[in-house]
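Counting in numbering that gives the first Met the number 0, the sequence shown runs from 0 upward without gaps.
Just so you know, even glycine gets a beta-carbon here, dropped at the ideal spot from N, CA and C.
These numbers come from a predicted model, not from an experiment.
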Amino acid sequence: MKLEAVELIRLNVPLKSAFRTSFSSVNLHQVVWVHAITDVGEGWAECGANERPDYSSEYHTGAMAVMKEFILPEMFELGDDLTAESIGPKLHWMKQHRMAKAAVETAILDAQLRAEEKSLASYLGATKSRVPAGVSVGIMNSLEELMGYVESYLAEGYLRIKLKIEPGWDYEPVKLVRESFGNDLLLQVDANTAYTRNDFDLLKRLDEFNLLLIEQPIDEEDMLGHAKLAAYIDTPVCLDESIVSADIARDAIELGAAEIINIKPSRVGGYLESKRIHDVSLKNNIPVWCGGMLETGIGRAANLALAALPGFTLPGDTSASSRYFETDLTIPFELQNGYIDVPTRPGIGVDPIPEIVERFTVSKDWIRSN
Ligand code: OSB
Ligand code: MG
């Protein structure tokens, strides 16, 4: 196939309520989509980068710049030799920028699979037709507010609750949720690097709540620190931000720093690398689950395909569209008895709804081969 043009679309999609983590509070899902036009058809992808470099070093303006200046020219240069599988090797020289690379690779993969009439799930080797859904619950202004949200998510049928934590919002909210909803509730926490090596005793206090896991407690570059913490506490340590490639995953596992892994395709450079992380984890008996970046239906659809692989044995953050959005920009994903169906149509399996996309579009930028 051959890449003819790319449209970069910037969108501001309002969230139903503010989502607060240890690094930010957002009311809007500000996001970049990649719309690839090839000689075999079109493809779509959502870039995982945030507006600001707060979750990772990538951010919108930077991701769009690196696509325009470096990634897309390489794609045009491949000419008729372009395939989704050729992108990783072609961009191997380029350091980092994994979210930008992931978005371009995914849009081209979507076009390729649509042309082959093959779903992303079957391409990746999915073994499930529906996946169990968890929900990520932000930091709240009060314990009452938290209880209200957790109660309503459980009433909707979510099978696992993840509480965002930070110093000052950890022991008490976790205790309250555990005591209110009982020991059978699948409960986990995510610190997004908010703690340090000096907080190990504080984190050890969470052992009494029988959590499924604690996600990314300390700095993403402190792999040894995570290994030390994993040896010190009973709660399994799960890595998110630290795991940016299959090689890093392999090392983190060997070091004892990753007892569970959150795979986010955007963070690791795409679905092909995600599959490699899945494979190395499965080989080492390390459970994985699929994380998210508040994706609209375009990103959510692709994540669901990945979450259907056999090593994804824990519920992911692959919630229903209604978790974040009043109206999604594709056919919405809905919860059925706590599960979400994996798309079966070709490629990512969903299409943007033009009238809705138009409403939330901030800017559009066409890039063509020259
Ligand atoms: O750490 O998993 C995270 C959202 C934005 C950035 C980082 C994270 C999150 C979430 C929500 O926890 C995941 C989702 O529901 O998409
Ligand atoms: Mg996380």
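Bridge partners - residue i, DSSP secondary structure assignment
| i | result |
| --- | --- |
| glutamate 389 | This structure does not reach residue 389, given that the chain is present from 0 up to 369, and the question cannot be answered. |
| serine 280 | Serine 280 pairs with nothing; no bridge assigned. |
| arginine 19 | Ser24 |
| leucine 238 | Ile260 |
| valine 5 | Ala35 and Ile366 |
| serine 135 | Lys161 |
| tryptophan 92 | Answer by DSSP bridge pairing: none, since tryptophan 92 is not bridged. |
| glycine 346 | Ser118 |
Nearest-angstrom beta carbon gap, residue j and residue i [assumed within contact, 8 Å]
| i | j | result |
| --- | --- | --- |
| aspartate 327 | glycine 348 | Between glycine 348 and aspartate 327 the Cβ distance is about 14 Å, and since that is not below 8 Å, they are no contact. |
| isoleucine 276 | isoleucine 242 | 7 Å |
| threonine 192 | glutamate 240 | 6 Å |
| valine 31 | alanine 62 | 6 Å |
| aspartate 189 | lysine 161 | 6 Å |
| valine 130 | alanine 300 | Not really, about 12 Å apart at Cβ, beyond 8 Å. |
| alanine 17 | serine 24 | 5 Å |
| tyrosine 323 | leucine 10 | Not quite, the Cβ-Cβ distance comes to about 13 Å (not below 8 Å), so this is no contact. |
| valine 136 | lysine 163 | 7 Å |
| histidine 28 | leucine 293 | 5 Å |
| isoleucine 366 | leucine 7 | 7 Å |
| leucine 2 | isoleucine 107 | 7 Å |
| threonine 195 | proline 309 | Not quite, the Cβ-Cβ distance comes to about 36 Å (not below 8 Å), so this is no contact. |
| proline 342 | serine 118 | 6 Å |
Assigned secondary structure, residue i (DSSP; H/G/I helix, E/B strand, else coil)
| i | result |
| --- | --- |
| proline 264 | helix |
| glycine 181 | coil |
| aspartate 221 | coil |
| glutamate 68 | helix |
| aspartate 340 | strand |
| leucine 210 | coil |
| phenylalanine 332 | coil |
| asparagine 11 | strand |
| glutamate 325 | coil |
| glutamate 57 | coil |
| arginine 159 | strand |
| aspartate 189 | strand |
| threonine 360 | strand |
| glycine 124 | coil |
| arginine 129 | strand |
| glycine 291 | coil |
| serine 273 | helix |
| glycine 255 | coil |
| glycine 40 | strand |
| glycine 315 | strand |
Status (buried if at least 16 other CB within 10 Å, exposed otherwise) for residue i
| i | result |
| --- | --- |
| tyrosine 122 | buried |
| tryptophan 92 | exposed |
| serine 280 | buried |
| lysine 274 | buried |
| valine 361 | exposed |
| proline 264 | buried |
| arginine 266 | buried |
| glycine 124 | exposed |
| serine 128 | exposed |
| aspartate 38 | exposed |
| arginine 113 | buried |
| aspartate 109 | buried |
| serine 318 | buried |
| glutamate 333 | exposed |
| alanine 132 | buried |
| glycine 78 | exposed |
| leucine 238 | buried |
| glutamate 104 | buried |
| asparagine 140 | exposed |
| alanine 154 | exposed |
| lysine 282 | exposed |
| aspartate 200 | exposed |
| alanine 245 | buried |
| aspartate 364 | exposed |
| proline 345 | buried |
Taking contact to mean 3 or more Cβ pairs, one atom from each stretch, closer than 8 Å, check whether the region 73–87 and the region 335–342 are in contact. No contact exists between the region 73–87 and the region 335–342.
Stretch-stretch touch, CB-based, cutoff 8 Å, three pairs: the region 228–237 with the region 245–253: The answer is no - the region 245–253 does not touch the region 228–237, with fewer than three Cβ pairs under 8 Å.
Given 8 Å as the limit, is there contact between the region 29–45 and the region 164–184, that is, 3 or more CB pairs closer than that? The region 29–45, when compared against the region 164–184, does not touch it at the 8 Å Cβ threshold.
contact_flag[the region 89–97, the region 47–63] where n(CB pairs < 8 Å) is 3 or more: Contact annotation: the region 89–97 touches the region 47–63, with at least three C-beta pairs closer than 8 Å.
Say whether the region 298–315 touches the region 259–270, bearing in mind that this needs 3 or more beta-carbon pairs closer than 8 Å, one atom from each stretch. Contact between the region 298–315 and the region 259–270 is present, with at least three C-beta pairs closer than 8 Å.
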